[in-house]
Each structure stands twice: as structure tokens, then as C-alpha cells.
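Chains as they are written, first to last, in my numbering: chain A, 226 to 270; chain B, 482 to 1012.
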């Protein structure tokens, strides 16, 4: 519970950490993934 | 004092150099409005994070955490999962691809071209240009208050100084100058926040000890807040009470969801070359955002324990009732003098990175989405510069007239307004080929109107300050006419977005089935880069 006396703040803190780890994992897994090539329809400017 | 001034001068020298670099490489309108569509993932992600998180989040919401405590961490969770992951993966990739297909330079232009509607582009541009100066003013107030407290600079002089400084590089260097300086500022902010968190936990004897100290202080919660439903800084507010509604509907939901339709953030998705940059940006944002919002909210809540230990008062008492002063006071009174100087730099960075982006997006809305759209002209750098200058001036005027304790509220107001007006049309435009021009117009106008009605006549905080409800109906909020304690009576504390966003979404979906479908060739063009 990380010193909290109620469940809510502890859950929020753990979820923040989990979301951060999720983003890092996603970034690493797709580090070089460019996706399929997207082309502009017309010349810019 | 001398060390603070030297640090600020060094910092400003780097910012001006980066601004100059942006100006040197800006020739075409695409450079000015979209940084040439060639920005690196690091710069993009740090710029996105620094724009997203400003003095509003650190001073305003950090101060709100000083009042309401740890429940604000739910907002941190949403800023990471929704603000980074959903935004970049779910919205960012399609925004970039559709923006390329439609050769869009701004967020309103993307919406306008997706729906083949000049009205949509002008309407969206108008909302941004009219209302982003209020959000910018809140940020400007935040940094000017810090300058006033830390350096003794008169508040009005600080407002003017910051405005001139930012105008110098945003007007000349466009989005490249904005993003280069943002990235530099993000690094400073990250370093400061980590030091602040470490210092606070160290003073309170460690993580667990700090939390349990704050948990044991629940009885010190001011009686006025207890009456509003607060039980403690770790315990939160009782479900359904006025303060529960303020915390979860305005702060957590309003900002946490509102981030998805922020034009100054969405435009950044169009500045990178491929999905790879967005994938990498998810990693950078996933680290940077919790360091920013997570630390600000944690330290804001824990400031109560530290102030109590050192001065025998809780934070809001120390700040004489103005929650915008809690974080600046904490830095000045609690942290060592050398850190106060460094933190001042971090706050400078946070404010400038957000302000520069707000000025830029407001300016391009005026020039590209309103002026050039009405006149039928091609994009031009000169018109964009004029638009940015007008936005800078409007923000300065708002900063002069807005009341105190307004930072967090003005941020939530803009986030909410954008979500209600833009999110359904933006989301469905990216994902649903059946979405129509008529449905987008109805949803945007309906979402905006509902949001404004709620702000002017129902949501007590704004309705009371604006006074229109009182003038027309004799009450600060129409909801106060309902029996006390009833669900309708509680509506005066429910954020406009809780009502306006679902209304806008229902209008969009319903109208899409009732209005004429869009030409198939045009829809295919919009989705040609999306498989």
C-alpha cells in the first residue's frame, strides 16, 4: 500500500507506474517500425 | 539572487540561439506551420510533453493537489495512458497520414478538408483563436507569479517581460523554433522535477513514511473542505459530494480526456516523417509525462506534511488561501536556495514551452484557418506571423483581467471546450468512413453550444464569475434552483465536459445516419494512406 491508509491512492500510483512501463515497452518493441509508406497526394507549398 | 540571474541569462541565451536556428531554417509555410514535417522523434516527444505540461500543470494542478491530495494521481494515469499512448498510437498515426493525404497545415485545416467544409475550418480556427489566449493567459499568470515571488519582480512587469521574450522567437521562428526550444526546456524541467521529488521524500523520511505521515493528517483538513466532502489528502473526497465532482469531473476527466483534442498537441503528429517517430515518441512521452505531472501532484499533496512539520500550517493556510501560490511558496520556503534558482529555470522552461505553442497554434488558426480561408489565399509565412502577434497580444490582455487561483481552472476550461467541440468530429473523421460533413457541423456546434451554456448558466465557478446567469435569472447557477441535495442541484459542480462531450458524440453519430453521405472518391482520398 506504499504507506497509504486507503486503496485508492495506492491503486492510482501503481497504475501510473504500469502505464509508464507499458509505453516504454511499446516504444522499444516498435522502435524501428516505420509502418507502410504514406505519400502526399500533391506537392507541398 | 546573482546566481539566479546568471542562470536565467544563460538559459535565455540557449533559448534565443535555438529560436535563431528555427528562424534560419524556416522558409516555406510548411516549415513555419509544421516544422517541415521532418522533426526527430526526441524533439517531437519532448516538445509534445513540454507543451502538454506547463506551469498550469505544475503550479496550478500541483497547487490543486496541495488542496485535494493524492486523488489527482488519477489525472497522471490518464495523462500517460490517454495523453501519450492513445493520443500517439490511436490518433497520431492516422492524423499524420490523413494530414499528408489532404496536405493539411493545421488541425482545423485537417478537419475542414476531411469534411470538405470551409465552415468547419473557420469555426474550429475561430474557437482556437478566441479561447486559447485564455489558456495562455493562465500559463502567463503562473510564471509571472513565480517571478514575483522568487525575484521580487512586479507582477505586471513580469507579464510584459515574458510576453516580449516569447514573441521574439515564436513570431520569427515558427514551429521549428517552438519545438527546438520546447525540447531543451523539457530536459531542464525533467531534471528539476526529479530533484524536487527526491528532496521531498528525503525530507519526510522516505516514500512509505511520507505517505503515512500525510495519511495521519486527515483531521487537519480545513472544515470548509470537509463540508464540501473532503476526508483527507490521501483519503480523497466522499462520492457524489461537491468536491468529489470538482476533482473527478473537472480536473481528472476534463483534462485527462480533453488532451485528445488539443490542437496545439494534435498538430505535432503532422511534424514527423513516419510512424517510427511516433512509436519512439511513445517511449519518451511515457517517461517524461509521469516525471512531470506525477511529481507535481505528489509533491503538491506532500507539501502539507512538510509545511506542517516546518511551520505548523497546512499548504493552503501557508498560501493564504490562494492555491496557485502553494508550489512557488514550497520552493521558496522549503527547498535550499540553490534549488530555488534551478527550479525557477524549470518553471521558466515549463511556461515558455507551453506559451510558445499556444501562441503558434492561435496565430496559425487566425491566419491559415480564418484569414487565408476566407480570402482563398495560399499559405504564407507573413500572415502566420501576424496571427501569432495578435494571439500574443490577446493573451497579455486576458492575463491582466483574469482573477487569482485561475490557473488550473482555465486549463481545464480550454481542454473541456476543445473536447466537446472537436473530439467527436476528429475521432470519427479518422476512423469512420460513414461520418458526414453535416454530422461534423452539428456535433461541433452542438458540443460548443452545450459547453458554453453549461459554463454560463450551470457550472458555478465560471457562471458566478461571469455573472450572466445572475443578471438574467437572479441566481449564480440555474442548478441552485433545484431542491438542495438533489442530483439536479449537484449539477452546479459537474464539469461542462461531462455533459457536452456525450451530447456532441450522440449528435455526431445520430446526424451521420440522417445526413447525406460524403462523395466516395473524397473519402477514399482521405483514407488512401490508412490501411
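Note that beta-carbon positions come from the ideal geometry of N, C-alpha and C, so glycine has one too. Just so we're clear, the structure is a prediction, and the values are computed from it rather than from any experiment.
If you check each beta-carbon in the region 573 to 592 of chain B against every beta-carbon of chain A, the ones closer than 8 angstroms belong to 574, 577, 578, 581, 582, 583 and 584.
Taken in chain order, the whole alpha helix (DSSP H) runs of length 4 or more contained in the region 757 to 837 of chain B are 776 to 792, 796 to 799 and 807 to 814. Taking a beta-carbon distance threshold of 8 angstroms, residue 229 of chain A counts as an interface residue toward chain B.
For residue 756 of chain B, the C-beta contacts it makes with chain A under 7 angstroms involve 258, 259 and 260, in order along the chain. The beta-carbon of residue 554 of chain B is placed less than 8 angstroms from the nearest beta-carbon of chain A. Contact of residue 534 of chain B with chain A by beta-carbon distance below 8 angstroms is absent, the smallest such distance being about 14 angstroms.
Per DSSP, residue 670 of chain B lies in no beta strand (DSSP E); the unbroken alpha helix (DSSP H) holding it starts and ends at 636 to 684. DSSP places residue 713 of chain B in the uninterrupted beta strand (DSSP E) bounded by 711 to 713.
It is roughly 4 angstroms from the alpha-carbon of residue 518 of chain B to the alpha-carbon of residue 752 of chain B. Scanning its chain for C-beta atoms nearer than 8 angstroms, with the 5 sequence neighbours on each side dropped, one finds around residue 960 of chain B the residues 939, 941, 969, 970, 971, 972 and 973, in chain order.
Taking C-beta atoms under 8 angstroms as the contact rule, residue 543 of chain B and residue 777 of chain B qualify, at a distance of about 4 angstroms. Across the structure, residue 727 of chain B and residue 548 of chain B are spaced so that their CA atoms are roughly 12 angstroms apart. At a beta-carbon threshold of 8 angstroms, the residues of chain A lying near residue 692 of chain B are 227, 228, 229 and 234, ordered along the chain. Between residue 1010 of chain B and chain A, the shortest Cβ-Cβ separation is below 8 angstroms. For the beta strand (DSSP E) assignment, the region 895 to 964 of chain B encloses no uninterrupted run of at least 3 residues. Spanning the alpha carbons of residue 822 of chain B and residue 714 of chain B requires a straight line of approximately 29 angstroms. In this model, residue 767 of chain B and residue 853 of chain B are separated by some 37 angstroms (Cα to Cα).
For residue 718 of chain B, the beta-bridge partners assigned by DSSP are B/711.
Of the candidates B/532, B/563, B/917 and B/484, B/563 places its Cα closest to the Cα of residue 247 of chain A. In the three-state scheme derived from DSSP, where H, G and I count as helix and E and B as strand, residue 732 of chain B is classed as helix.
For residue 969 of chain B, the enclosing alpha helix (DSSP H) covers residues 968 to 971. Of B/555, B/837, B/967 and B/919, the smallest CA-CA separation from residue 998 of chain B is found for B/919. Secondary structure at residue 516 of chain B: helix, using DSSP grouped into helix, strand and coil.
Under the three-pair Cβ rule at 8 angstroms, the region 686 to 703 of chain B counts as touching the region 788 to 800 of chain B. Within 10 angstroms of the beta-carbon of residue 647 of chain B lie 16 or more other beta-carbons, which makes it buried. If the five residues before and after residue 504 of chain B are omitted, its C-beta is found closer than 7 angstroms to the C-beta atoms of 653, 654 and 658, all from its own chain and listed in chain order. Listed along chain A, no residue sits closer than 9 angstroms to residue 824 of chain B by beta-carbon distance, the nearest being about 22 angstroms off.
Contact between the region 735 to 746 of chain B and the region 632 to 649 of chain B is absent: fewer than three C-beta pairs spanning the two stretches fall below 8 angstroms. Looking at the backbone, the Cα of residue 625 of chain B and that of residue 618 of chain B are separated by about 10 angstroms. Taking C-beta atoms as the reference points, residue 558 of chain B and residue 237 of chain A count as a pair closer than 8 angstroms.
The three-state reading of DSSP puts residue 1011 of chain B in coil, since its state is none of H, G, I, E or B. In the DSSP assignment, residue 848 of chain B falls outside any alpha helix (DSSP H) and carries neither an H nor an E. Between the alpha carbons of residue 233 of chain A and residue 226 of chain A lies a gap of roughly 10 angstroms.
Counting every other CB atom within 10 Å of its CB across the protein chains shown gives residue 806 of chain B a total of 16 or more, marking it as buried.
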